[in-house]
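Numbering (our numbering), first residue to last: 901 to 1126. Ideal Cβ placement from N, Cα and C applies to all residues, glycine included. Given the structure is predicted, the values throughout are model-derived calculations rather than measurements.
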């Protein structure tokens, strides 16, 4: 029997190494995994979606998987939203986004004019603002099965002063939400390390299998390991 596939997309300024724990656990659970390493700081979201993610999907389709799922961190979620808005994927499965700036980020607004941000985070980072002209503001509702996990623990108190409400040090909990999502969960993790949490990985696998998170206090028992 052919295995379902999962494409992993890391966040801005990160590499596929940040998603290796997820990769290992998803593979152990029976999925065929592509842990995509892409130049997140060199190109705009449109290019990353149309050229790089599109090529990964084409490579994945060569094995004729019954379903192609996506699990993303931060910017990776916006790349997938852009891709699915403009491309039909007949065997699309489910999508889980970790700390996605679905409504942009006030931190991106604050840093937009700085030389360092333009140099290091440009150009995709420049597209993650909160104004009505930003790319995130014009993607519209999602029309696929999406689960969002937001973090509420910050490792950067300076950033948290800039960001209103609960946040993970980079994105506010409120701005991770998007119209059309099927389920939403807030866990006590930071933006930087949320994808490495055992509990988060358990919830990711649960959503891919069932289309919902486990909303209960006790920990999920599963195949997740360090």
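Original post:
Hey, residue 1050 and residue 1100: beta-carbon distance below 8 Å or not?
Top reply: Taking the first residue of the chain shown as 1, we reach residue 1050 at position 150. Taking the first residue of the chain shown as 1, we reach residue 1100 at position 200. No; because the gap between Cβ atoms is not below 8 Å, this pair is not in contact.
**OP:** To the nearest angstrom, report how far apart residue 915 and residue 981 are at their CA atoms.
**Re:** Position 15 of the chain shown holds residue 915. Position 81 of the chain shown holds residue 981. Between the C-alpha atoms of residue 915 and residue 981 there is a straight-line separation of about 20 Å.
**OP:** Using 10 angstroms around the beta-carbon of residue 1088, count the other beta-carbons present and answer buried if the total reaches 16, otherwise exposed.
**Re:** The sequence position of residue 1088 within the chain shown is 188, counting from 1. It counts as exposed.
Original post:
For the candidate residues 1105, 934, 1005, whose alpha-carbon lies nearest to that of residue 959?
Top reply: The residue given as residue 959 occupies position 59 in the chain shown. Distance check between residue 959 and each of 1105, 934, 1005 places 934 closest, using alpha-carbon atoms only.
Subject >> Three-way DSSP call (helix, strand, coil) for residue 1054 in this model >> reply: As a first step, residue 1054 must be located in the chain shown, where it is residue number 154. Looking at residue 1054 - three-state DSSP - the assignment turns out to be coil, as it is neither helix nor strand.
Subject >> Given 8 Å, three or more beta-carbon pairs between the stretch 941-953 and the stretch 922-932 >> reply: Judged by pairs of C-beta atoms under 8 Å, the stretch 941-953 does not touch the stretch 922-932, as fewer than three such pairs exist.
Original post:
Does the Cβ of residue 930 have 16 or more other Cβ atoms within 10 Å, making it buried, or fewer, making it exposed?
Top reply: Translated into the one-based positions of the chain shown, residue 930 becomes position 30. Result: exposed.
Subject >> Burial state of residue 1095, where buried means 16 or more other Cβ atoms lie within 10 Å >> reply: As a working note, residue 1095 is residue 195 in the chain shown. Buried, because 16 or more other Cβ atoms sit within 10 Å of the Cβ of residue 1095.
**OP:** Give me the Cα-Cα distance between residue 932 and residue 1069, rounded to the nearest whole angstrom.
**Re:** Position 32 of the chain shown, counted from the first residue, corresponds to residue 932. Position 169 of the chain shown, counted from the first residue, corresponds to residue 1069. If you take the alpha carbons of residue 932 and residue 1069, they lie about 32 Å apart.
Original post:
Quick one, are the C-beta atoms of residue 953 and residue 983 less than 8 Å apart?
Top reply: In the chain shown, the residue the question calls residue 953 occupies position 53. In the chain shown, the residue the question calls residue 983 occupies position 83. Contact flag set, yes.
Original post:
Which ranges would you report for the beta strand (DSSP E) in the stretch 1039-1120 if only whole runs of at least 3 residues count?
Top reply: Within the stretch 1039-1120, the complete beta strand (DSSP E) runs of at least 3 residues are 1046-1051, 1083-1087.
Subject >> Same chain, Cβ closer than 6 Å to residue 1122, five either side skipped, listed in chain order >> reply: Looking up residue 1122 in the chain shown gives position 222. Low per-residue confidence applies at residue 1122: pLDDT is 38, beneath 50, and the placement is therefore not dependable, though the value from the model is reported in the following sentence. Exclusion of the five residues before and after residue 1122 leaves 1102 as the residues of its chain whose Cβ lies within less than 6 Å of its Cβ.
Original post:
What residues are listed by DSSP as bridge partners for residue 972?
Top reply: Here residue 972 refers to the residue found at position 72 of the chain shown. BP columns for residue 972 point to 909, 997.
Subject >> Among 968, 904, 903, 1105, the one whose alpha carbon lies nearest that of residue 1048 >> reply: Residue mapping note: residue 1048 aligns to position 148 of the chain shown, counting from 1. Residue nearest to residue 1048 within the set 968, 904, 903, 1105 is 1105 (criterion: CA-CA distance).
Original post:
Starting from residue 954 and walking both ways along the alpha helix (DSSP H), at which residues does that stretch end?
Top reply: Within the chain shown, residue 954 is the residue found at index 54, counting from 1. Residue range 954-961 is occupied by the alpha helix (DSSP H) that includes residue 954.
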